[in-house]
Amino acid sequence: MPSFVNPDKCDGCKALDKTACQHICPNDLMVLEKDSMKAYNQDPSQCWECYNCVKICPVDAVDVRGYADFVPMGASVVPMRSTDSIMWTVKFRSGQIKRFKFPIRTTPEGKAEPAGGWANEPDLNSTALFTEPESLGLPEVWKK
Amino acid sequence: MKNYETVEVETDLLICGGGMAACGAAVEAAHWAKKNNLKVTLVDKAATDRSGAVAMGLSAINQYVGLKDGENTMKDYVDYVRNDLMGITREDLVASIARHVDSSVHLFEKWGLPIWKDKDGGYVHEGRWQLMINGESYKVIVAEAAKNALGVDNMYERVFIHEPLMDGDKCVGAVGFSVREDKFYVFKARAVLVAMGGAVGVFRPRSIGEGAGRAWYPPFNSGASTYFTLKAGAELTCQEVRFIPVRFKDAYGPVGAWFLLFKSQATNALGESYMQTRRGELEKWAPYGMVKPVPANLRNWLMLLDVMEGKGPIYMQTAEAIKNIAEKETDPKAAKKKLKELEAEAWEDFLDMTISQAILWAATDIQPEEKPSEIAAAEPYFIGSHSGASGAWVSGPEDLAPAEYFWGYENMSTTKGLFCAGDASGASSHKFSSGSHAEGRIAAKAAVRFLVKENPPKPAIDGAVINKLKDECYQPMKTYEENVGKTTQEDVNPNYILWRPYMQRLQKLMDEYAGGVAAQFATSKANLDRALELLAMLKEDSEKLGANEMHDLMRCWENKHRMYQAEAHVRSMLFREETRWPGYYFRSDFPKMENDWECFVNCKYEPKSGEWEMKKIPVKKIF
Ligand SMILES: Cc1cc2nc3c(=O)[nH]c(=O)nc-3n(C[C@H](O)[C@H](O)[C@H](O)COP(=O)(O)OP(=O)(O)OC[C@H]3O[C@@H](n4cnc5c(N)ncnc54)[C@H](O)[C@@H]3O)c2cc1C
Ligand code: SF4
Ligand code: SF4
Numbered sequence: 249m250p251s252f253v254n255p256d257k258c259d260g261c262k263a264l265d266k267t268a269c270q271h272i273c274p275n276d277l278m279v280l281e282k283d284s285m286k287a288y289n290q291d292p293s294q295c296w297e298c299y300n301c302v303k304i305c306p307v308d309a310v311d312v313r314g315y316a317d318f319v320p321m322g323a324s325v326v327p328m329r330s331t332d333s334i335m336w337t338v339k340f341r342s343g344q345i346k347r348f349k350f351p352i353r354t355t356p357e358g359k360a361e362p363a364g365g366w367a368n369e370p371d372l373n374s375t376a377l378f379t380e381p382e383s384l385g386l387p388e389v390w391k392k
Numbered sequence: 007m008k009n010y011e012t013v014e015v016e017t018d019l020l021i022c023g024g025g026m027a028a029c030g031a032a033v034e035a036a037h038w039a040k041k042n043n044l045k046v047t048l049v050d051k052a053a054t055d056r057s058g059a060v061a062m063g064l065s066a067i068n069q070y071v072g073l074k075d076g077e078n079t080m081k082d083y084v085d086y087v088r089n090d091l092m093g094i095t096r097e098d099l100v101a102s103i104a105r106h107v108d109s110s111v112h113l114f115e116k117w118g119l120p121i122w123k124d125k126d127g128g129y130v131h132e133g134r135w136q137l138m139i140n141g142e143s144y145k146v147i148v149a150e151a152a153k154n155a156l157g158v159d160n161m162y163e164r165v166f167i168h169e170p171l172m173d174g175d176k177c178v179g180a181v182g183f184s185v186r187e188d189k190f191y192v193f194k195a196r197a198v199l200v201a202m203g204g205a206v207g208v209f210r211p212r213s214i215g216e217g218a219g220r221a222w223y224p225p226f227n228s229g230a231s232t233y234f235t236l237k238a239g240a241e242l243t244c245q246e247v248r249f250i251p252v253r254f255k256d257a258y259g260p261v262g263a264w265f266l267l268f269k270s271q272a273t274n275a276l277g278e279s280y281m282q283t284r285r286g287e288l289e290k291w292a293p294y295g296m297v298k299p300v301p302a303n304l305r306n307w308l309m310l311l312d313v314m315e316g317k318g319p320i321y322m323q324t325a326e327a328i329k330n331i332a333e334k335e336t337d338p339k340a341a342k343k344k345l346k347e348l349e350a351e352a353w354e355d356f357l358d359m360t361i362s363q364a365i366l367w368a369a370t371d372i373q374p375e376e377k378p379s380e381i382a383a384a385e386p387y388f389i390g391s392h393s394g395a396s397g398a399w400v401s402g403p404e405d406l407a408p409a410e411y412f413w414g415y416e417n418m419s420t421t422k423g424l425f426c427a428g429d430a431s432g433a434s435s436h437k438f439s440s441g442s443h444a445e446g447r448i449a450a451k452a453a454v455r456f457l458v459k460e461n462p463p464k465p466a467i468d469g470a471v472i473n474k475l476k477d478e479c480y481q482p483m484k485t486y487e488e489n490v491g492k493t494t495q496e497d498v499n500p501n502y503i504l505w506r507p508y509m510q511r512l513q514k515l516m517d518e519y520a521g522g523v524a525a526q527f528a529t530s531k532a533n534l535d536r537a538l539e540l541l542a543m544l545k546e547d548s549e550k551l552g553a554n555e556m557h558d559l560m561r562c563w564e565n566k567h568r569m570y571q572a573e574a575h576v577r578s579m580l581f582r583e584e585t586r587w588p589g590y591y592f593r594s595d596f597p598k599m600e601n602d603w604e605c606f607v608n609c610k611y612e613p614k615s616g617e618w619e620m621k622k623i624p625v626k627k628i629f
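First to last, the protein sequences are chains L and X.
If you're matching positions, the first sequence starts at 249 in my numbering and goes up one per residue.
If you're matching positions, the second sequence starts at 7 in my numbering and goes up one per residue.
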């Protein structure tokens, strides 16, 4: 069923004004059931399995079960995302496990500086975009 | 019905969308706006951190020209794009993006995107134009720079733009609704930049059950750019140029690393390589059939010929590719290490951008070094930034555009003050994530120049106009509320149609008559005429869409947008009386490529009469 929520772990993001999974889903699928204060995917057939709800949940309550109409049962793919890397645990139908770890960014979170530190003095009427030509690594923007 | 508060936002430049192009537009516009004391506002239907086609991440940057290292020339890139699109390309636009794209890539690296480096510190290429990245957080990083430039107070998330705001023939903003709060938004702007991506779900997906959302293209991009620009009276181009990617079957996992990096081959079930056995076929599509690399649609076509002869399934020969690479290492220890590296690279390719494919391989116990994996052609999508070309007809830059392609400001559509970028702008394929970002920047700078030079007045819109737009917006809620009690079953009611069956009706007719998977991508005048008959009724029935809550209201509007994308597509395929991209669609009544169709097909919708104007525009070369 694409993404699904473990009721034992989900705490409804402690009743903050918006839950993390609801905030992030690009397809507006995650909702909070107000009585139980547990989240669920309101339309599995529109889920892209993008894993954004899985990655963002602060208590690891969200997981993904491959689409039932073409994925055999028994496998799982689980991420653990930190501020600079992501570790994936892939469990095969046969039970075999593989782990992969990849970097995700080289700067501290929140610190992307728009001009990237480049000089920034082009003219509004020139072809140069902001930070150019420095950010191109060329003396000037290409001309025909 | 509930009372929805009307919120008015006045701004100078309104950016619709929050994807790669919109984030590029935001960083660029913020810079120029500060210098010229202007206000810039961005609206996204989702959370910009993870919205659009890059929501999941990507494993490669597909456009990097490498001008600084003299790796390629501008002409090389333009030649590649023109040939891949069988000659139908705006060279001025492709060159405009190509001369700036490296700058966006260098910015991404500064912002924190890990780009693979070789021993000498150079970028690792996947192919000639592609760079390998650790791209899980690609979108997060690009959105972060946009936010830091624009300020979160100027960004509206979870607001779905459903209509342009028009003053006569001028586009003066947009209207939309919050999917979280009871708020109707009116954005009044002196210039508008559209970057709401392409469209999926216009055709029936291969998987129609729970997996219906697992299309290659993300289900949340639903034709808003096409609808918006059409309704704003802008001319669109290349609406017939759909994209059909060939990917690993069912989960649509990427094949780029396998084909480009690992030099893998695809074969039919008999082990024959269709690229070799069917080479002769390429001559029919000369001169484009003779170029290297063979255009994407022709590679598709050779594969489809095998499939139509019953020679499938088609396989990516992963085991053979891995063996070939490992054999190059003479030292067994080094070979083992190399294998391990390849394995991680192969899995990262999936985990960074199509996690479903990793699940599918794990669930079917696939070890790529042991056995091949199935690949297949996806259903058609509209993504002008990739290997399709659909989008608005926009002005080129003054120094590159032939006179016919230039009207003042680059990336401005034929509607004054309305700019387009990324999937929203057409005839400039192969810009991908990086080129879309660069194009967003080009369009944003031009839009600021437009504001400074033309100084358009603040829009004054009559309250009655706004009330009418608001009524239209929430009509599905009203229709539902008034009629839901008339049957005992919410979903079977003769007085309204819910979004899901509405979408399925659209998908079924497109699939069967307009060259979807069911029709093996073939169509004809008779079929397209029939599609138009059915679309006309579907359009009438859109007035009867019903929605019981905000999420469903968004789905209603998404599918209305898709329907206009469908009509633009059908009309453009009908108009072009030839077959030019046989692996994208095949006109059975005009099975050959014709010289007199080496031109653009443009279309324009007249909102008042509902009429469409179709025209041929010559292709002008600049290289
Ligand atoms: C599966 C896949 C793999 C790809 N792989 C690569 C790759 O490896 N390398 C590469 O360089 N490129 C790749 N691409 C291409 C790249 O993702 C696109 O070229 C790029 O994202 C296009 O940018 P865009 O801004 O036009 O659209 P998007 O980035 O898709 O952004 C669209 C934006 O519009 C918003 N929106 C949509 N409708 C509305 C509405 N009604 N109201 C308000 N907002 C709305 C969305 O929320 C989103 O913010 C891939 C694309 C796909 C689909
Ligand atoms: S993010 Fe996690 S804890 Fe918060 S509501 Fe969603 S599933 Fe529950
Ligand atoms: S996997 Fe992605 S599309 Fe599916 S519910 Fe989670 S965030 Fe939404």
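Cβ atoms here follow ideal geometry from the backbone N, Cα and C, with glycine treated the same way.
Item to check | Cutoff 6 Å; reference aspartate 358 of chain X; Cβ partners in own chain excluding five residues on either side | outcome: In the second sequence, the residue the question calls residue 358 of chain X occupies position 352. Excluding positions up to five away in sequence, the list reads Gly63, Ser65, Gly141 and Glu142.
Item to check | Strand pairing of lysine 339 of chain L, partner residues [DSSP] | outcome: Taking the first sequence and counting its residues from 1, the one referred to as residue 339 of chain L is at position 91. Answer is L/Ser324 and L/Ile345.
Item to check | glutamate 216 of chain X: contacting residues in chain L (beta-carbon distance under 8 Å) | outcome: Within the second sequence, the letter at position 210 stands for residue 216 of chain X. In chain order: Met249, Pro250, Pro292, Ser293, Tyr315, Ala316 and Asp317.
Checklist entry - What does cysteine 273 of chain L pair with, by DSSP beta-bridge criteria? => result The count along the first sequence starts at 1 and reaches residue 273 of chain L at position 25. For cysteine 273 of chain L, which the question treats as bridged, DSSP gives no partner whatsoever.
Checklist entry - For phenylalanine 254 of chain X versus glutamine 323 of chain X, is the C-beta distance shorter than 8 Å? => result What you label residue 254 of chain X is simply residue 248 of the second sequence in a count that begins at 1. What you label residue 323 of chain X is simply residue 317 of the second sequence in a count that begins at 1. Taking 8 Å as the Cβ cut-off, phenylalanine 254 of chain X and glutamine 323 of chain X do not qualify as a contacting pair.
Item to check | Candidates X/Asn227, X/Ala197, X/Val198 and X/Leu345: closest to valine 208 of chain X by CA position | outcome: Position 202 of the second sequence, counting from 1, holds the residue named residue 208 of chain X. Considering only alpha carbons, the answer is X/Asn227.
Checklist entry - Where serine 293 of chain L and serine 251 of chain L are concerned, what is the direct C-alpha to C-alpha distance, given to the nearest angstrom? => result Counting from one through the first sequence, the residue named residue 293 of chain L turns up at place 45. Counting from one through the first sequence, the residue named residue 251 of chain L turns up at place 3. Between serine 293 of chain L and serine 251 of chain L, the C-alpha separation is close to 10 Å.
Checklist entry - Taking the DSSP output, what are the residues bridged to tryptophan 131 of chain X? => result Position 125 of the second sequence, counting from 1, holds the residue named residue 131 of chain X. Correcting the residue identity first, residue 131 of chain X is histidine in this sequence and not tryptophan. According to DSSP, histidine 131 of chain X bridges with X/Leu137.
Checklist entry - Are any of the Cβ atoms in chain L nearer than 8 Å to that of alanine 155 of chain X? => result Counting from 1 along the second sequence, the entry for residue 155 of chain X is found at position 149. It does: the Cβ of alanine 155 of chain X has a partner Cβ on chain L nearer than 8 Å.
Next on the checklist: Taking the alpha-carbon of arginine 582 of chain X as reference, which of X/Trp603, X/Ile467 and X/Asn274 has the nearest alpha-carbon?
Outcome noted: Here residue 582 of chain X refers to the residue found at position 576 of the second sequence. Closest option to arginine 582 of chain X, Cα to Cα, is X/Trp603.
Checklist entry - Within the 8 Å Cβ cut-off, does aspartate 283 of chain L reach chain X? => result Residue 283 of chain L sits at position 35 when you count from the first residue of the first sequence. No, its Cβ sits nowhere closer than 8 Å to a Cβ of chain X.
Checklist entry - Expressed to the nearest angstrom, what Euclidean distance is found between the alpha-carbon atoms of arginine 284 of chain X and tryptophan 264 of chain X? => result For the purposes of this step, residue 284 of chain X is taken as the residue at position 278 of the second sequence. For the purposes of this step, residue 264 of chain X is taken as the residue at position 258 of the second sequence. Straight-line Cα distance between these residues: approximately 21 Å.
Item to check | Own chain partners of arginine 341 of chain L with C-beta closer than 7 Å, once the 5 adjacent residues on each side are dropped | outcome: Stepping through the first sequence from its first residue, residue 341 of chain L is reached at position 93. Cβ within range, chain order: Pro320, Gly322 and Ala323.
Checklist entry - What's the gap between the Cα of tyrosine 519 of chain X and the Cα of arginine 536 of chain X? => result Position 513 of the second sequence holds residue 519 of chain X. Position 530 of the second sequence holds residue 536 of chain X. Going from the Cα of tyrosine 519 of chain X to the Cα of arginine 536 of chain X covers about 7 Å.
Checklist entry - Taking the C-alpha atoms as reference points, what is the distance between glutamate 385 of chain X and alanine 350 of chain X? => result Indexing the second sequence from 1 puts residue 385 of chain X at position 379. Indexing the second sequence from 1 puts residue 350 of chain X at position 344. Whole-angstrom Cα-Cα distance: 29 Å.
Next on the checklist: Going by C-alpha to C-alpha distance, which of X/Gly589, X/Lys614 and X/Asp558 sits closest to aspartate 291 of chain L?
Outcome noted: Translated into the one-based positions of the first sequence, residue 291 of chain L becomes position 43. Nearest of X/Gly589, X/Lys614 and X/Asp558 to aspartate 291 of chain L, Cα basis: X/Asp558.
Next on the checklist: Can you find the residues in the same chain that come closer than 6 Å, C-beta to C-beta, to tyrosine 387 of chain X, ignoring five residues on each side of it along the sequence?
Outcome noted: Position 381 of the second sequence, counted from the first residue, corresponds to residue 387 of chain X. Once the five neighbours on either side are set aside, the close Cβ partners of tyrosine 387 of chain X are Val206, Tyr223 and Phe249.
Checklist entry - How far does the alpha helix (DSSP H) with isoleucine 328 of chain X in it reach, from first residue to last? => result Counting from 1 along the second sequence, the entry for residue 328 of chain X is found at position 322. Per DSSP, isoleucine 328 of chain X belongs to the alpha helix (DSSP H) from 324-333.
Checklist entry - Roughly how far, in whole angstroms, is the beta-carbon of alanine 197 of chain X from the beta-carbon of leucine 457 of chain X, given that I think they are within contact range, below 8 Å? => result Residue numbering aside, residue 197 of chain X sits at position 191 when the second sequence is read from its first letter. Residue numbering aside, residue 457 of chain X sits at position 451 when the second sequence is read from its first letter. Confirmed, Cβ separation roughly 5 Å.
Checklist entry - Does the distance from the CB of tyrosine 288 of chain L to the CB of glutamate 297 of chain L come in under 8 Å? => result The sequence position of residue 288 of chain L within the first sequence is 40, counting from 1. The sequence position of residue 297 of chain L within the first sequence is 49, counting from 1. Their beta carbons are not under 8 Å apart, which means tyrosine 288 of chain L does not touch glutamate 297 of chain L by this criterion.
Item to check | Per DSSP, cross-strand counterpart(s) of tyrosine 387 of chain X | outcome: If you number the second sequence from 1, residue 387 of chain X lands on position 381. Bridge partners of tyrosine 387 of chain X: X/Phe249.
Item to check | Terminal residues of the alpha helix (DSSP H) in which threonine 485 of chain X lies | outcome: In the second sequence, the residue the question calls residue 485 of chain X occupies position 479. Element bounds for threonine 485 of chain X: 469-489.
Checklist entry - Hey, isoleucine 623 of chain X and asparagine 601 of chain X: beta-carbon distance below 8 Å or not? => result Position 617 of the second sequence, counting from 1, holds the residue named residue 623 of chain X. Position 595 of the second sequence, counting from 1, holds the residue named residue 601 of chain X. For isoleucine 623 of chain X and asparagine 601 of chain X, no; Cβs fall outside 8 Å.
Checklist entry - Would the segment 541-560 of chain X and the segment 502-509 of chain X be scored as touching if the rule is three or more Cβ pairs under 8 Å? => result yes
Next on the checklist: What I want to know is whether the C-beta of valine 302 of chain L ends up closer than 7 Å to one or more non-hydrogen atoms of ligand 2.
Outcome noted: Along the first sequence, one-based indexing puts residue 302 of chain L at 54. Result no, Cβ not under 7 Å from ligand 2.
Next on the checklist: If the cut-off is 8 Å on Cβ atoms, which residues from the segment 360-374 of chain X count as contacting chain L, listed in chain order?
Outcome noted: Ile361, Ser362, Ala364, Ile365, Leu366, Ala368, Ala369, Thr370 and Asp371
Checklist entry - Which residues bound the beta strand (DSSP E) around threonine 95 of chain X? => result Counting from 1 along the second sequence, the entry for residue 95 of chain X is found at position 89. Taken as a continuous stretch (DSSP letters only), threonine 95 of chain X belongs to no beta strand (DSSP E), as it is neither H nor E.
Checklist entry - Do serine 213 of chain X and ligand 3 come close, with the Cβ less than 7 Å from some heavy atom? => result As a working note, residue 213 of chain X is residue 207 in the second sequence. Not so, every heavy atom of ligand 3 lies at least 7 Å from the Cβ.
Next on the checklist: Output needed for glutamate 382 of chain L: all residues of its chain with C-beta closer than 7 Å, excluding positions within five of it in sequence on either side, in chain order.
Outcome noted: Stepping through the first sequence from its first residue, residue 382 of chain L is reached at position 134. Closer than 7 Å at the Cβ level, and outside the excluded window around glutamate 382 of chain L, lie Trp366 and Ala367.
Checklist entry - In this structure, what does DSSP give as the bridge partners for arginine 593 of chain X? => result Within the second sequence, residue 593 of chain X is the residue found at index 587, counting from 1. X/Thr529.
Checklist entry - Using DSSP with H/G/I as helix, E/B as strand and the rest coil, what is phenylalanine 166 of chain X? => result Within the second sequence, the letter at position 160 stands for residue 166 of chain X. The answer is strand: DSSP assigns phenylalanine 166 of chain X an E or B state.
Next on the checklist: In the DSSP output, which residue or residues are listed as bridge partners for alanine 572 of chain X?
Outcome noted: Counting from one through the second sequence, the residue named residue 572 of chain X turns up at place 566. Bridge partners of alanine 572 of chain X: none, in fact.
Checklist entry - Under a CB-based cut-off of 8 Å, is lysine 116 of chain X close to chain L? => result Working through the second sequence from its first residue, we reach residue 116 of chain X at position 110. Answer yes: the Cβ-Cβ gap between lysine 116 of chain X and chain L drops below 8 Å somewhere.
Item to check | Proximity test, leucine 64 of chain X beta-carbon vs ligand 1 heavy atom, cut-off 7 Å | outcome: Mapped onto the second sequence, residue 64 of chain X falls at position 58. Checking the Cβ of leucine 64 of chain X against ligand 1 gives yes.
Next on the checklist: Please report the straight-line C-alpha distance between valine 253 of chain L and asparagine 154 of chain X, rounded to a whole angstrom.
Outcome noted: Numbered from 1 along the first sequence, position 5 holds the residue referred to as residue 253 of chain L. Numbered from 1 along the second sequence, position 148 holds the residue referred to as residue 154 of chain X. Spanning the two alpha carbons is a distance of roughly 33 Å.
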